[in-house]
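So the sequence lines, in the order shown, correspond to chains E and C. Position 75, counted from 1, in the first sequence is what full-length UniProt numbering calls 75; the numbers after and before it change by one each time, with no gaps. Position 96, counted from 1, in the second sequence is what full-length UniProt numbering calls 96; the numbers after and before it change by one each time, with no gaps. Glycine included, every Cβ here is placed at the ideal spot set by N, Cα and C.
There are 2 protein chains.
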Amino acid sequence: MAGVTPINLVEHALLVSIQDDITDTEILELQDRLSTKISENRIDGVILDISALEIVDTFVGRVIAQLAGISRLLAADTYVVGMRPTVAVTLVELGMYLPEIRTALSLTHALAQLRRV
Amino acid sequence: MAGVTPINLVEHALLVSIQDDITDTEILELQDRLSTKISENRIDGVILDISALEIVDTFVGRVIAQLAGISRLLAADTYVVGMRPTVAVTLVELGMYLPEIRTALSLTHALAQLRRV
């Protein structure tokens, strides 16, 4: 079994680093932990770092979409950082345009955009 | 086989001139090249010049939508320039409203809007 997905507080945002080998069970656990943390800490934004992902499939695409959906319902904006070019191409080819999320070039850019909100 | 679709750097944007006779293979190659260029050069915007297109079908419509989707996931805004009136009419008639893209009258207008972001 792989480790627990880390969730770190950075300014008023939660940084979630999605691992390459995330499993179904871990995602359910991550959704619970993330949603609790968002409401407890009155978080403005969630930053999903997906730089560890070299390949995506519909499963991972759905994970990203679901985490973004949960965050939005709890009034937090979601930014995705560290997306590789091939990952973007694959997601779009799979028909997953992820309209709920905003992307940022880096963590610094995402934090700068969250400060502006 | 037709030539390679040119991608040119203009200010902080990439100018892509879509050719009339673009094929499936060329599109895959274009997606790869464009996505790599966006992330390598930290591009703010992508400008799709479609003035060469006199007729569109769902295939070309999907190409435009996919290129815009990839750019957005990589944090670049997409502007379409040079759209002919008949092309706009056809796209809407095909039900392709292309919500992801912004249109600009000309390259000059698109660059002006990108500078403002």
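Asked: Check whether the stretch 25-42 of chain E and the stretch 94-101 of chain E touch, using three or more Cβ-Cβ pairs below 8 Å as the test.; Found: no
Asked: Contact criterion: CB-CB distance below 7 Å. Does M1(C) meet it with respect to chain E?; Found: Its pLDDT being 45, under 50, M1(C) is placed unreliably by the model, and the measurement read from it follows with that caveat. So, not an interface residue.
Asked: According to DSSP, is S17(C) part of a helix, a strand, or is it coil?; Found: strand
Asked: According to DSSP, simplified to helix, strand and coil, what is G61(C)?; Found: helix
Asked: At the 7 Å Cβ level, is L105(E) part of the contact set with chain C, yes or no?; Found: yes
Asked: When you compare the CB positions of Y79(C) and A52(C), do they come within less than 7 Å of one another, or not?; Found: no
Asked: If we ignore side chains and look at the alpha-carbon of each, how far apart do V63(E) and L91(E) end up?; Found: 12 Å
Asked: Does A88(E) have its Cβ less than 7 Å from a Cβ in chain C?; Found: yes
Asked: Anything in chain E within Cβ reach of T25(C), meaning under 7 Å, just list it in chain order.; Found: By Cβ distance, chain E contributes nothing, its closest Cβ being about 14 Å from T25(C), past 7 Å.
Asked: Interface residues of chain C around residue 142(E) at Cβ under 9 Å?; Found: With chain E represented from 1 up to 117, any question about residue 142(E) goes unanswered, as that position is not in the structure.
Asked: From L67(E) to L114(C), what does the alpha carbon distance come to, in whole angstroms?; Found: 30 Å
Asked: With DSSP run on the structure shown, which of helix, strand or coil describes D32(C)?; Found: helix
Asked: Could you check whether the Cβ of Y79(E) sits closer than 7 Å to any Cβ belonging to chain C?; Found: no
Asked: Let me see if you follow: with CB-CB separation under 7 Å, is R42(C) close to chain E or not?; Found: yes
Asked: Among L107(E), I47(E), T86(E), which has the Cα closest to the Cα of S39(C)?; Found: T86(E)
Asked: Between which two residues does the beta strand (DSSP E) containing R84(E) stretch?; Found: That residue, R84(E), is in no beta strand (DSSP E); it is neither H nor E in DSSP.
Asked: With DSSP as the reference, please indicate the residues paired to I70(C) in a beta bridge.; Found: According to DSSP, which records beta bridges pairwise, I70(C) is partnered with nothing at all.
Asked: Under 7 Å Cβ to Cβ from L74(C), same chain only, skipping five residues before and after it: list those, please.; Found: S35, I38, S39
Asked: Assuming contact is defined by CB atoms lying nearer than 7 Å, are A76(C) and I43(C) in contact in what I supplied?; Found: yes
Asked: Is the beta carbon of V81(C) closer than 7 Å to that of I47(C)?; Found: yes
Asked: Give the secondary structure of T108(C) by DSSP, where H, G and I count as helix, E and B as strand, and everything else as coil.; Found: helix
Asked: Rounded to a whole number of angstroms, what is the C-alpha to C-alpha distance between N8(E) and Q19(E)?; Found: 14 Å
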